[in-house]
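Residue numbers (our numbering): 558 to 652.
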């Protein structure tokens with residue numbers, strides 16, 4: 558799946574089957590389900606899940622907590638717009 562297909566899928570009633578938890582979390586966040594997204598990101602206990610977790614805390618407005626999760630993901634603290642970061646993370650996870 559590429560980024561364009563993934564973005565288009567956010568207009569569906571459910572995420573596409575077979576997505577890892579981090580991508581499911583991004584899908585949920587894109588659909589306004591922050592709590593569901595956060596739970597999914599927490600369940601993927603690796604750097605990919607941590608990166609999504611960091612993004613979600615930026616969405617929440619908690620930059621300090623986001624910083625912790627960026628460190629766990631081994632990624633720099635993003636200063637991109639939330640939409641741009643969402644696309645960056647999604648594209649990287651889909652690659």
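Cβ atoms here follow ideal geometry from the backbone N, Cα and C, with glycine treated the same way.
Practice problem: Could you give the DSSP three-state label for residue 566: helix, strand or coil? | Solution: helix
Self-check item: Same chain, Cβ closer than 7 Å to residue 626, five either side skipped, listed in chain order
Solution: 607, 610, 611, 614
Quiz item: Between the beta-carbon of residue 631 and the beta-carbon of residue 604, is there less than 8 Å?
Solution: yes
Quiz item: With a Cβ-Cβ cutoff of 8 Å, do residue 593 and residue 567 count as a contact?
Solution: Not closer than 8 Å, so no.
Quiz item: With burial defined as no fewer than 16 other Cβ atoms inside 10 Å of the residue's Cβ, what is the status of residue 633: buried or exposed?
Solution: exposed
Exercise. Consult DSSP for residue 577 and reduce its assignment to one of helix, strand or coil.
Key: DSSP places residue 577 in coil when its eight states are reduced to three.
Quiz item: According to the Cβ coordinates, are residue 598 and residue 582 closer than 8 Å?
Solution: yes
Quiz item: Would you say residue 648 and residue 560 are within 8 Å of each other, going by their C-beta atoms?
Solution: In terms of Cβ geometry, residue 648 and residue 560 form a close pair [threshold 8 Å].
Exercise. Identify whether residue 588 lies in helix, strand or coil by the three-state DSSP scheme.
Key: coil
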